[in-house]
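Visitor: The structure that follows is given in the form of structure tokens.
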Amino acid sequence: MGQIIAVMFIIVSAFVILSSQLRTDNLLYVDELERTKEMLSLIDRSVGDYILAKEKMGHINFDLLDENKYMAANYTLSGSGFLSKIEFPHSNIIWQIIPNPNDNKISYKLLVDIRNNVILSEKISLSEKYIGEQFCEKIYFGEYIYDSTVYDAGNEDYLGGGTTSDGLFSCTLYKIK
Amino acid sequence: MPQLIAMIIIVVGAMIYMFQTFGGTGDKIEAVAQKSVILTEINNIKDGMNLANKTNSLEITTGTAANRAHTIEGLADLEYFDKFINTQITTSAANTTGNENFNIYKGISLGGDATTAAGSVEISLVVPTVNTNLNTDRPGLFVKLQGDLADNAGFLETQLATDLASIAYLDRNATADTDRVVFDSDGEFSAQVTGHSTTGTDTDGMFTIYYKDLQSGKIKE
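For the record, the sequence lines run as chains A and B.
Using the working numbering, count along the first sequence one by one with no gaps and you end on 177.
Using the working numbering, count along the second sequence one by one with no gaps and you end on 1221.
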């Protein structure tokens, strides 16, 4: 009888061990990355429409896309001209586009700010690397620029000085000539 | 009422069965629970390593690239694991010297934290030292069972080896994260590297897991 009780104690302690384990779940995180990819794709498609309509890449910004109704989505626009930014509902990711000053006929630069997104900013350096390298470079064949920070009208480009873990970076994405 | 009696008979029967199977001590019941927890911890780290492998973020032990890692601490700095795990690793590395070379994750589920000297289960990243076999090399996880798990270490190692046999190559002779093996182009075990421990046994609770479902040839210089 004593042994049976001992076994019962052990079973209980086994359950305690099992129920107190740390089982990490990155489903939420992967889901958020997937959403970011969709947003990127939505923006890239809108830029594609803009270029196909024979508009000039050298003028591109969200204010202009918004005005000419190239953006086919529900979003909030803030700022104007090259400083204009958009944010999709419930995403907390801020996007900004400018023509690529080095080559403004075929490419544009997309600034991504993920700092306000709670899920992505929990692993901020991984998120930045993943979006930059896996999405911008591997899916869109663009270039990931980790140190971009804010738009500077004088240089007509994003200023450098950022890090790989500040949640702020840009991608150069290419379109047809 | 007959149902209740039937249930009691079944419960008692189950207990007698367990009592006979496990020799009356029941310590193996606890060990099976421990095994499940260890597997969960290994998977927590494997998830991060898998992601790092996919994004070309692993490097050989002498690598110095800022956005690559050759230790558990390097991966935690790049935030490849869950927040709790990243924090534990980076803060316990701060207690020792040489952050980039700190290579131990102390299983949180089994009482490991940043301040405890040793964890009951410790997991380290194993990457090659040289770049001679970069096309076929794959990363591994060195697992060390000790402390509260010491009594069951041999049983746990054997059980885990059986469970993982179909999806991973287990180097059960490894006794440290520096004991590496190399693989051929088919991803099969090829040889132990020079300096590999010769004293490791199948029951010492120390082994390295090389997952076969991880793409090989992704480790950079």
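Positions of the beta carbon are idealized from the N, C-alpha and C atoms, including for glycine.
1. Is it the case that the Cβ atoms of V1143 (chain B) and I1072 (chain B) are separated by a distance below 8 Å?
2. Name, going along the chain, the residues of the segment 122–148 of chain A whose beta-carbon falls closer than 9 Å to a beta-carbon of chain B.
3. Less than 7 Å separating the Cβ of T1040 (chain B) from some heavy atom of the ligand ZN?
4. In chain order, what residues of the same chain lie with their CB nearer than 6 Å to the CB of A1052 (chain B), ignoring the 5 residues before and after it?
5. Can the beta-carbon of A73 (chain A) be found closer than 8 Å to that of L111 (chain A)?
6. Helix, strand or coil: which one does DSSP assign to T1064 (chain B)?
7. Quick one: any contact between the segment 19–36 of chain A and the segment 1100–1110 of chain B, if contact means 3 or more CB pairs under 8 Å?
8. In angstroms with no decimal places, state the Cα-to-Cα distance between Y151 (chain A) and K54 (chain A).
9. Taking only beta-carbon positions, decide if M1015 (chain B) is within less than 8 Å of chain A.
10. Can you pull the chain A neighbours of Y1080 (chain B), defined as C-beta to C-beta under 7 Å?
11. Go to F62 (chain A), then tell me how far its alpha helix (DSSP H) extends in each direction, as first and last residue.
12. Under 8 Å between the Cβ atoms of I969 (chain B) and L1164 (chain B)?
13. Measuring straight from C-alpha to C-alpha, what distance separates L65 (chain A) and S46 (chain A)?
14. For N26 (chain A) and chain B, any beta-carbon pair shorter than 8 Å?
15. Can you check whether the CB of A1191 (chain B) is closer than 8 Å to the CB of I1182 (chain B)?
16. Q1034 (chain B) and L1214 (chain B) - do their beta-carbons sit closer together than 8 Å?
17. Touching or not, the segment 1004–1020 of chain B and the segment 115–127 of chain A, by the rule of three or more beta carbon pairs under 8 Å?
18. Go ahead and label Y1017 (chain B) buried or exposed: buried means 16 or more other beta carbons lie within 10 angstroms of its beta carbon, across all protein chains shown.
19. K85 (chain A) and Y158 (chain A): beta carbons closer than 8 Å?
20. Short of 7 Å Cβ to Cβ, which residues in the segment 5–30 of chain A face chain B?
21. Hey, could you find the ends of the beta strand (DSSP E) S91 (chain A) is sitting in?
22. Is the Cβ of E1030 (chain B) closer than 8 Å to any Cβ of chain A?
23. Are I93 (chain A) and N61 (chain A) touching if we call contact CB-CB under 8 Å?
24. In chain B, which residues lie with their C-beta within 8 Å of the C-beta of T185 (chain A)?
25. According to DSSP, which residues form a beta bridge with M1206 (chain B)?
26. How close, in whole Å, do the beta carbons of I1219 (chain B) and D1137 (chain B) come, if the pair is a contact with beta carbons under 8 Å?
27. Using a Cβ-Cβ cutoff of 9 Å, what residues of the segment 1106–1135 of chain B are near chain A? List them in chain order.
28. Can you tell me the Cα-Cα spacing of D1047 (chain B) and I1085 (chain B), whole angstroms?
29. Helix, strand or coil: how does DSSP classify F1183 (chain B) here?
30. Closest by CA to A145 (chain A), which one among A:L52, A:S121, A:L173 and A:Y50?
31. Contact check, G1217 (chain B) vs N1135 (chain B) under 8 Å by CB: the rounded distance?
32. Which stretch, first to last residue, makes up the alpha helix (DSSP H) that contains L77 (chain A)?
33. Please tell me whether D1186 (chain B) and E1157 (chain B) are closer than 8 Å, where the distance is taken between their beta carbons.
34. Using a Cβ-Cβ cutoff of less than 7 Å, which residues in the same chain neighbour K168 (chain A) once the five nearest sequence positions on both sides are dropped?
35. Here's the rule I'm using: 16 or more other beta-carbon atoms within 10 Å means buried, otherwise exposed. How should P99 (chain A) be labelled?
36. The beta strand (DSSP E) that contains I1123 (chain B), what's its start and end?
Guide: Reading off the structure:
1. No. Outside cutoff.
2. Those residues of the segment 122–148 of chain A that come within reach of chain B (Cβ to Cβ, closer than 9 Å) are E122, K123, I124, S125, L126, S127, K129, Y130, E133, Q134 and Y146.
3. Of ligands this structure carries none, so the ligand ZN is not represented either.
4. When the five nearest sequence neighbours on each side are left out, the beta carbons in the same chain lying within less than 6 Å of the beta carbon of A1052 (chain B) are those of L1058, L1075 and Y1080, in order along the chain.
5. Contact flag unset, no.
6. The answer is coil: DSSP assigns T1064 (chain B) none of H, G, I, E or B.
7. Yes: the two stretches touch, three or more of their Cβ pairs being nearer than 8 Å.
8. Whole-angstrom Cα-Cα distance: 25 Å.
9. Against chain A, the CB of M1015 (chain B) has a partner CB under 8 Å away; the residue lies at that interface.
10. In chain order: L126.
11. It spans F62 to E67 - the alpha helix (DSSP H) in which F62 (chain A) sits, taken as one unbroken run.
12. An answer regarding residue 969 (chain B) cannot be provided, because it is not within the stretch 1001 to 1221 covered by chain B.
13. Taking the straight line joining both Cα atoms gives about 8 Å.
14. With 8 Å as the cut-off, N26 (chain A) counts as an interface residue toward chain B.
15. Here the sequence assigns Val to residue 1182 (chain B), which means Ile is not the residue at that position. With respect to the 8 Å criterion, V1182 (chain B) and A1191 (chain B) are classified as neighbours on the basis of their beta carbons.
16. No. Outside cutoff.
17. These segments do not touch.
18. By the 16-neighbour rule on beta-carbons within 10 angstroms, Y1017 (chain B) is exposed.
19. No. Outside cutoff.
20. For the segment 5–30 of chain A, residues whose beta-carbon sits nearer than 7 Å to a beta-carbon of chain B comprise A6, V7, I10, I11, S13, A14, I17, L18, S20, Q21, L22, R23, T24 and N26.
21. Where S91 (chain A) is concerned, there is no enclosing beta strand (DSSP E), because DSSP gives it neither an H nor an E.
22. E1030 (chain B) counts as touching chain A.
23. Contact annotation: I93 (chain A) and N61 (chain A) have beta-carbon atoms that are not nearer than 8 Å.
24. Only positions 1 to 177 of chain A appear in this structure, which leaves residue 185 (chain A) out of reach.
25. Paired residue(s): B:K1144.
26. Indeed they touch by this definition, with Cβ atoms about 5 Å apart.
27. So the list reads G1107, I1108, S1109 and L1110, given in the order they occur along the chain.
28. A direct Cα-to-Cα measurement between D1047 (chain B) and I1085 (chain B) gives close to 12 Å.
29. Of the three classes helix, strand and coil, the one that applies to F1183 (chain B) here is strand, per DSSP.
30. The displayed chain sequence assigns Ile, not Ala, to residue 145 (chain A). Nearest of A:L52, A:S121, A:L173 and A:Y50 to I145 (chain A), Cα basis: A:L173.
31. Between the beta-carbon of G1217 (chain B) and that of N1135 (chain B) there is about 5 Å, and that keeps the pair under the 8 Å contact cut.
32. Not the alpha helix (DSSP H): L77 (chain A) falls in the beta strand (DSSP E), residues T76 to S78.
33. The beta carbons of D1186 (chain B) and E1157 (chain B) sit no closer together than 8 Å.
34. Before going further, note that residue 168 (chain A) is Leu rather than Lys in the sequence given. Contacts found: D113, R115, S148, T149 and G162.
35. With 16 or more other Cβ atoms inside 10 Å of its own Cβ, P99 (chain A) counts as buried.
36. For I1123 (chain B), the enclosing beta strand (DSSP E) has its first and last residue at V1121 to V1126.
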